Structures are given as structure tokens and as C-alpha cells.
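What follows is a set of notes on a single structure, which appears directly below.
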Amino acid sequence: MAKQEEQEPVEVPLHQLYPPVDLGAKGGSPTENQANMIAARNSPGWFLAIGVAAQSLAQRADQILLDYTREMVTVRYQIDGIWHQLDPRDRASGDAMLFCYKKLANLNPADRRSKQEGTFTAKFQKVDYIYTIISQGTQTGERVLLKIRTKKPTLERLEDLGMREKVRQRVKEVLDGDGGMSVFSAPPQGGFSTLWTCALNATDRFVRD
């Protein structure tokens, strides 16, 4: 009986490993946005672009950092304030992916030197997101930062943060007190804005000033 040849494992495309994400063009007129959307979808980098977007959202990343060199693209995600290194991408596929992101944000994909900034949208598991893309040429290539935020804050109350009831009551007593000053702090990228928003929402509307 002939020995069966071992088959090499097939690499599954990134966009097939995560729930689907819908990217949308932004920053131009309706006609420009439609044209940019078509150009991005027809690009060979489209599936990698939606794959990276889906992966970043599934892993709850706050930012994506792409560093382009002559040979490759290094990829890092910032999750809960900590940068995580991912497997690098080859330059050709990285360029095709960046073409999509810049097109969606109504930027110039051919300009790899000037600083550019724009936004595009994403919808992932029924939640709407905004991606802010900032690109700048470097001595070795280009650096691209993508900041991710939700259109509507998902955490609006102290209980949404997991704060226990006794602690919430104590915080509310301090916030609604007649005198003194409350100080809030958090490490970099540690959720200060969210904490501040939830604390403001917990104050008495008639004494908030």
C-alpha cells in the first residue's frame, strides 16, 4: 500500500479568521467617497486591509502602528496601553493594504513623504468605529498610525467599569459633596477619558458645574 504524501498546511487568510468587518470611505464628497470605496475594494490589498481591521477590533486594540522599510512592514497593536508585536508583512502586500486605508480616508496613496491625516469608518459586530489614520515619511520609509475609537462610548456609567456598589456610592458622595476637590488619574492609555466621562455622568445634574 503506497504511503500517502503529507500535505503542507494551508495558510488561512487573515480576514477569514475573524467575524466580518465593513469598512467605509469618509472625508470626501459623496461622489469622492463612492469612488474611493470602489478603488479600495478593487485593490489587491483589500482582503488584508479588512483582515487587519477585523483582527485589531477583535483583540480590542486602541491603535495600530505600521513601520515601512524597504523590505517589509512591521505591525504592532496597542492593547490596554501595551504594544504587541505581530508578524511582519512583506512590503508589497503592506503597500497594497495602505493604499486601501488611504483611499478610504480620502488621502493620496502615492504621497509617501508628506504628513497626511484622515478618517474612515468600520462596523464590527454591530458596533460603529472611527479609524483615524496619520502617515508620515521617515528616513527608512513611512510610519503610519491608526487610532481606533467607537462612534458612541460603550462605557458611560461607573457600573459599566465594573466598580462595586459600595465604591460607587462612596464616589458619588464625594462628587456631590459641598466642598473639596476630586482628583482622577490613570496611566497613559489607561482609560482616563472613560473614567472621567463615567464620573461626570454620576454627578448630580443640579450641582454639576
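Residue numbers (the numbering used here): 1 to 209.
All residues carry an ideal CB built from backbone N, CA and C; glycine is no exception.
Since we're looking at a predicted model, the values are computed, not measured.
Go ahead and pull the three-state DSSP assignment for residue i.
{"i": "Tyr101", "result": "helix"}
{"i": "Thr194", "result": "helix"}
{"i": "Asp128", "result": "strand"}
{"i": "Asp95", "result": "helix"}
{"i": "Asn201", "result": "helix"}
{"i": "Gln107", "result": "Here residue 107 is Leu; the residue named in the question, Gln, does not match the sequence. Leu107 falls in the coil class under three-state DSSP."}
{"i": "Gln169", "result": "helix"}
{"i": "Glu156", "result": "coil"}
{"i": "Val183", "result": "coil"}
{"i": "Leu86", "result": "coil"}
{"i": "Asp209", "result": "In this prediction, Asp209 scores a pLDDT of 48, lower than 50, which makes its location untrustworthy; no coordinate-derived value is stated."}
Ignore the nearest five residues each way along the sequence and tell me which others in residue i's own chain have a CB closer than 7 Å to its CB.
{"i": "His15", "result": "Phe47, Ile50, Gly51, Ala54"}
{"i": "Pro88", "result": "Met72, Val73, Thr74, Val75"}
{"i": "Gln63", "result": "Gln78, Leu145, Leu146, Lys147, Ile148"}
{"i": "Asp90", "result": "Met72"}
{"i": "Ile82", "result": "none"}
{"i": "Cys198", "result": "Leu155, Glu156, Arg157, Leu158, Asp160, Leu161"}
{"i": "Met163", "result": "none"}
Assuming residue i contacts residue j (C-beta within less than 8 Å), just tell me the rounded distance between them.
{"i": "Gly27", "j": "Asn106", "result": "4 Å"}
{"i": "Ser43", "j": "Ala96", "result": "6 Å"}
{"i": "Leu145", "j": "Leu86", "result": "Not confirmed; about 15 Å, so no contact."}
{"i": "Ala202", "j": "Leu158", "result": "5 Å"}
{"i": "Asp67", "j": "Arg143", "result": "6 Å"}
{"i": "Ala25", "j": "Asn33", "result": "4 Å"}
Return the chain-ordered list of same chain residues with a C-beta closer than 8 Å to the C-beta of residue i, the five sequence neighbours on each side being excluded.
{"i": "Pro222", "result": "Absent from the structure is residue 222, since the part of the chain shown begins at 1 and ends at 209."}
{"i": "Tyr129", "result": "Leu57, Thr121, Ala122, Lys123, Ile148, Arg149, Thr150, Lys151"}
{"i": "Trp196", "result": "Phe184"}
{"i": "Thr119", "result": "Lys26, Gly27, Ala105, Ile130, Tyr131, Thr132, Ile133"}
{"i": "Pro19", "result": "Ala54, Ala58, Phe124, Gln125"}
{"i": "Ser182", "result": "Val174, Leu175, Ala199"}
Might you give, ordered along the chain, the residues of its own chain that have their beta carbon closer than 6 Å to the beta carbon of residue i, omitting 5 neighbours on each side?
{"i": "Gly94", "result": "Val73"}
{"i": "Thr140", "result": "Thr69"}
{"i": "Arg113", "result": "Gly137"}
{"i": "Lys115", "result": "Gln136"}
Within 8 Å, do at least three Cβ pairs link the stretch 129 to 147 to the stretch 91 to 104? Touching, yes.
Would you call the stretch 167 to 175 and the stretch 57 to 72 touching, i.e. three or more CB-CB distances under 8 Å? Between the stretch 167 to 175 and the stretch 57 to 72, the count of Cβ pairs shorter than 8 Å is below three; the stretches do not touch.
For the stretch 12 to 82, list the alpha helix (DSSP H) runs that are entirely contained and at least 4 residues long, ordered along the chain. Whole alpha helix (DSSP H) segments, 4+ residues: 30 to 41, 46 to 58.
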